[in-house]
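Colleague: Under the numbering used here, the first residue of the sequence shown carries the number 18, and numbering increases by one thereafter.
All C-beta atoms in this analysis are idealised placements derived from N, C-alpha and C, irrespective of residue type, glycine included.
For clarity, every value in this text was computed on a predicted model and none was experimentally measured.
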Amino acid sequence: MFLVGVIYIVIIIICYAFLWPIDRDKALQSLRLSWQSLLKLLPLLIAIFGLVGLFQEFIPPELVARLLGKSSGLFSLLISTFAGAISIGPPLAAYPLAETLLKAGAWPPAIAAFIFSWISIGVITLPFEAATFGARFALLRNGISFIAAMLCGLILGFLL
């Protein structure tokens, strides 16, 4: 993961080096916006990594394997899809937690369902979605996304 981060940073530096002579003001504005985004996300990232650390130390891998392992089958898909659906935070936050679950013995299809549902289901934001698009739309979209998350996990399990 560290190497991937370094590669992204190098690519970004190259982009800025290319864009700087073209439009210095926009490049500076972009840097400011990036810095502001980092400052907004930093508390959440610290909290997420703290949660991952707590999880690694206090949740026994045997429990993860029992609930989310391959032997639990569809139950593990259901639990992980539900867990992702009620999780809050940016999609980026799902990956460190998913990695921890995988290392603790979770079944890869359950992890796929967890990530898919975290990104596509908005249980916490459901009232806002319903107010904006209507309750029928919001419930159908979230329900279909729940099923799609489980199907994504099953398909991944078949392909692996």
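Can you check whether the CB of A121 is closer than 8 Å to the CB of P60?
Modeller: no
Colleague: Report yes or no: do the segment 129-137 and the segment 87-105 share at least 3 C-beta pairs separated by less than 8 Å?
Modeller: yes
Colleague: Are the segment 109-128 and the segment 49-65 in contact at 8 Å, needing three or more beta carbon pairs?
Modeller: These segments touch.
Colleague: With distances taken from CA atoms, which of M167, I172 and L176 is nearest S93?
Modeller: M167
Colleague: Just how far apart, CA to CA, sit E74 and V81?
Modeller: One C-alpha to the other measures close to 12 Å.
Colleague: Kindly indicate which three-state DSSP category T142 falls into: helix, strand or coil?
Modeller: Coil, per DSSP.
Colleague: Tell whether a beta-carbon distance below 8 Å holds between A71 and P125.
Modeller: A small fix is needed here, since residue 71 is Leu in this sequence, not Ala. Contact: no.
Colleague: If I'm right that N159 touches I138 with Cβ under 8 Å, what's the distance once you round it to whole angstroms?
Modeller: Contact between N159 and I138 is confirmed by a C-beta separation of about 5 Å, below the 8 Å threshold.
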